[in-house]
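Chemist:
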Amino acid sequence: MADYLVIVESPAKAKTIERYLGKKYKVKASVGHVRDLPRSQMGIDTENNYTPKYITIRGKGPVLQELKTAAKKAKKIYLAADPDREGEAIAWHLATALNIDTDSDCRVVFNEITKDAVLESFKHPRPINMDLVDSQQARRMLDRLVGYNISPILWKKVKKGLSAGRVQSVALRLIIDRENEIKNFKPEEYWTIEAAFEKGKKPFDALYYGNGQEKIKLTNEAQVKAILAQLKGDDFNVTSVTKKERKRNAAPSFTTSSLQQEAARKLNFRAKKTMMLAQQLYEGIDIGKKEGTVGLITYMRTDSTRIADTAKTEARQFIEEKYGKEFIATTPRQAKKNTNSQDAHEAIRPTSVTRAPEDLKTVLSRDQLRLYRLIWERFIASQMAPAILDTVSVDLQQGDVMFRASGSQVKFPGFMKVYIEGSDDQKEEKDAYLPEMAEGDIVKATAIEPKQHFTQPPPRYSEARLVKTMEELGIGRPSTYAPTLDTIQRRGYVTLDTKRFIPTELGEIVHQLVLEFFPDILNIEFTAQMEKDLDAIEEGQREWVDVIDAFYQDFEKHVQHADAEMEKVVIKDEPAGEDCEKCGAPMVFKLGRYGKFMACSDFPDCRNTKAIMKQIGVKCPSCENGEIVERKSKTRRTFYGCDQYPTCEFVSWDKPISRPCPKCESLLVEKKIKKGVQIKCTNEECDYEETPTQ
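If you're matching positions, the sequence shown starts at 1 in the UniProt record's numbering and goes up one per residue.
(1) Let me confirm a value: residue 571 is counted as buried when at least 16 other C-beta atoms fall within 10 Å, else exposed. Which label applies?
(2) With a Cβ-Cβ cutoff of 9 Å, do residue 679 and residue 670 count as a contact?
(3) For the alpha helix (DSSP H) that contains residue 33, what are its first and last residues?
(4) If we ignore side chains and look at the alpha-carbon of each, how far apart do residue 576 and residue 582 end up?
(5) According to DSSP, is residue 517 helix, strand or coil?
(6) Taking buried to mean at least 16 other C-beta atoms within 10 Å of its own C-beta, is residue 422 buried or exposed?
(7) Can you say whether residue 399 is buried or exposed, counting buried as having 16 or more other CB atoms within 10 angstroms of its CB?
(8) Of the residues 118, 128, 110, which one's Cα is nearest the Cα of residue 96?
(9) If you run the structure through DSSP and keep just helix, strand and coil, what is residue 142?
(10) Contact check, residue 114 vs residue 294 under 8 Å by CB: the rounded distance?
(11) Hey, out of 616, 274, 609, 150, whose CA is closest to residue 556's CA?
(12) Can you tell me which residues form a DSSP beta bridge with residue 210?
(13) Can you name the residues that DSSP bridges to residue 668?
(14) Here's the rule I'm using: 16 or more other beta-carbon atoms within 10 Å means buried, otherwise exposed. How should residue 59 be labelled?
(15) Exposed or buried, what is residue 490 when buried is set at 16 or more other beta-carbons lying within 10 Å of its beta-carbon?
(16) In angstroms, rounded to a whole number, what distance separates the CA positions of residue 357 and residue 369?
(17) From what residue to what residue does the alpha helix (DSSP H) around residue 177 run?
(18) Out of 482, 440, 265, 510, which has the shortest C-alpha to C-alpha gap to residue 492?
(19) I need the straight-line Cα distance from residue 17 to residue 184, nearest angstrom please.
(20) Go ahead and pull the three-state DSSP assignment for residue 453.
(21) Whole angstroms are fine: how far does the CA of residue 260 sit from the CA of residue 580?
(22) Apply the 10 Å Cβ neighbour rule to residue 223 and answer buried if 16 or more other Cβ atoms are within range, or exposed otherwise.
(23) In chain order, what residues of the same chain lie with their CB nearer than 8 Å to the CB of residue 9, ignoring the 5 residues before and after it?
(24) Within 10 angstroms of the Cβ of residue 351, are there 16 or more other Cβ atoms? Answer buried if so, exposed if not.
(25) Nearest chain E C-beta to residue 380 closer than 9 Å, yes or no?
(26) When the Cβ atoms of the region 648-655 are set against those of the region 613-622, are three or more pairs found closer than 8 Å?
(27) Please tell me whether residue 147 and residue 166 are closer than 9 Å, where the distance is taken between their beta carbons.
(28) Taking the C-alpha atoms as reference points, what is the distance between residue 7 and residue 598?
(29) May I have the straight-line CA-CA distance separating residue 702 from residue 406, to the nearest angstrom?
(30) Take the Cβ of residue 252 as the centre, count every other Cβ of all protein chains shown within 10 Å, and call the residue buried at 16 or more, exposed below.
(31) What does DSSP give as the partner residues of residue 459 in its beta bridges?
(32) By the 10 Å Cβ neighbour count, where 16 or more other Cβ atoms means buried, how is residue 112 classified, buried or exposed?
(33) Where does residue 426 fall in DSSP's three states?
(34) Just verifying my parser: in three-state terms, what is the DSSP assignment at residue 352?
(35) According to DSSP, is residue 59 helix, strand or coil?
(36) Can you tell me which of 133, 154, 411 puts its alpha carbon nearest to the alpha carbon of residue 568?
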């Protein structure tokens, strides 16, 4: 019989840790929380210091009974839930349920699931940190007070199934505010003058800069024509050559936020998928007989870029052996603490750099390997020397017309040999070579072309950009980003179109009502301050009851006002202009979870429904009778199919276009690639494709 009982959250983690600890230890899993507030009621006594009413979660009775039975047989019990506020709260709930003294040394935490880290953590058990528990409890109760007070009002005034959360409402506001910016955007005209030059038969490009004394912004065609009229001949004088050496530093190791952003950019992963895969890599993967099951990365919910000294040392040794001593950072990178960062854990990194991605191809799934490679490369690069770039800027002048050519070359790749951080604008930094030039040289212009442009509205939020914005504003914390984005999509408040968030009509209605009756909930500064108050509880600077009371006293008045004054919103069905093919009654447009759809007006006697089909102006290449329409899959992914389905089963993930392939007359489609959109022929035997456009 085991002398010690260890309780963790995950069954996968339990097997790994039991093997590390040996025969005297029995490791069991609670499978997450065992107690929570009841789902059927508020569960918070607002008249009695906000006392929470915790109950055993439905379905967890057998798990809890098994843990109680094992606890009676053990000499000592250790609670080893995850090393964050949520994990501390789970440990406290377990201690309460199993009658464990919270002041005893019952809590062990480890940032990585490796043998050394686990064994070391059991040398330093500690009491449960009640400040962490109180902070998590306060967050949970605030979310419950907001959700369970506002949601019933929305059910009564709008429709059932709606919700409004403390963080999700602000995320929805950001998306809607951006949509309004786009709608109200007024494009402004501007021009550029691009020129092709030649020096000693070596071509290079330059852009119009100004008159030699100052930079001039080109705003109209008349201005451009006046500049071009000043030019006489093709000769330009080289008036200035500026050469500089520039250092470029590596990005730090991942935080939860930056991992979600980079996985979206480089791997096309949704935030939810990124966190699921990271959890698997953290909890442990069986990598063979030599090591067995081992955690491959450190804990994945963190807002710190701090790295343990032992990990830095291992990385520097690896870099020297693989790439050479000159690739090691001369000064180990120091973590910069964000003002909103709690710095409770290390950054996300591999538990050992010696486990290279190529060595794990046979034991990891494709997506696990891709995410692990991203984490591994980012960490290695963060400990490498800066890249050194030679930059050159050349001014070319004729009279009062000056062009400027810029170039850069990688002199020493440094960290760029392993990894380069992605960017939301998808621009790639490439070497731009300029021929050798000196002041007084003459170069020839081979072409000068003016181009008209218009300013573009700000882009809609992608998941990566929205997570970054929420982090910068102090909205939410690492553990909340993915669930928040998932919630606003499940509620039907937003949809994703080409990986960008678009608010639905339902989302607009809910947002407007919350904005009118609960302005503090949508106030970004208010929500960010609430996060700071929760952090202050964690640091022992505030009492959780005081924080909740300060919020609820005013919030309760808004709830009473909204319940009395909010008018019922009637979402009227609009005629669809066609009859039901099943019963002949008129079809109408209804507003559902994912936007509008068509339904029979004779509901519930007739339950016929149809998706609204958006035609794209392309004839079906398969049956030639139908039209191609835009559709949505069950996972809300856009695809294109024939409107004669199921008679015609033509489908395409890529958007067809109306003109045929000039080579073979087959269907052309728009394929989304990293550089933008590329038009390609669908005929496998035809190689026709066009230059990508942004």
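The C-beta atom is built at its ideal place from N, Cα and C for all residues, glycine as well.
Quantities reported herein were computed from a predicted structural model and do not represent experimental measurements.
Modeler: The short version:
(1) So residue 571 ends up on the exposed side.
(2) One thing to note: residue 679 has its Cβ within 9 Å of the Cβ of residue 670.
(3) Where residue 33 is concerned, there is no enclosing alpha helix (DSSP H), because DSSP gives it neither an H nor an E.
(4) Their Cα atoms are separated by approximately 15 Å.
(5) Helix.
(6) Taking every protein chain shown into account, the CB of residue 422 has 16 or more other CB atoms within 10 angstroms, so this residue is buried.
(7) Flag for residue 399 reads exposed.
(8) When only C-alpha atoms are compared, the closest one is 128.
(9) Residue state, collapsed to three classes: helix.
(10) Right, their Cβ atoms sit about 6 Å apart.
(11) Closest by alpha carbon: 150.
(12) Paired residue(s): 215, 402.
(13) Answer is 681, bridged to residue 668.
(14) Burial call: exposed.
(15) Looking at its Cβ environment, which holds fewer than 16 other Cβ atoms inside 10 Å, residue 490 is exposed.
(16) When rounded, the separation of the alpha-carbon atoms in residue 357 and residue 369 is 7 Å.
(17) Unbroken alpha helix (DSSP H) run through residue 177: 168-184.
(18) The shortest C-alpha separation from residue 492 is found at 510.
(19) Going from the Cα of residue 17 to the Cα of residue 184 covers about 57 Å.
(20) Of the three classes helix, strand and coil, the one that applies to residue 453 here is strand, per DSSP.
(21) Straight-line Cα distance between these residues: approximately 45 Å.
(22) With a threshold of 16 other beta carbon atoms within 10 Å, residue 223 falls short and is exposed.
(23) Within the same chain, Cβ atoms closer than 8 Å to the Cβ of residue 9 are found at 29, 30, 31, 32, 81, 82, 87, 90, the five residues on either side in sequence being excluded.
(24) That one is buried.
(25) The structure shown has no chain E; it contains just one protein chain.
(26) With a cut-off of 8 Å, the region 613-622 and the region 648-655 count as touching, because enough Cβ pairs lie within range.
(27) A contact, by the Cβ cut-off of 9 Å.
(28) Each residue's Cα considered, the two are about 51 Å apart.
(29) Since the first and last residues shown for the chain are 1 and 694, residue 702 lies out of range.
(30) Counting Cβ neighbours within 10 Å, residue 252 comes out buried, since at least 16 surround it.
(31) Partner(s): none; residue 459 has no beta bridge.
(32) Buried is the label assigned to residue 112, since at least 16 other Cβ atoms lie within 10 Å of its Cβ.
(33) Any reading at residue 426 must be qualified, since the residue scores a pLDDT of 49, below 50, and its modelled position is unreliable; the value itself is stated next. Coil at residue 426, not helix or strand.
(34) Three-state result, residue 352: coil.
(35) In the structure shown, residue 59 falls within a coil segment according to DSSP collapsed to helix, strand and coil.
(36) When each option's Cα is compared against that of residue 568, the closest is 154.
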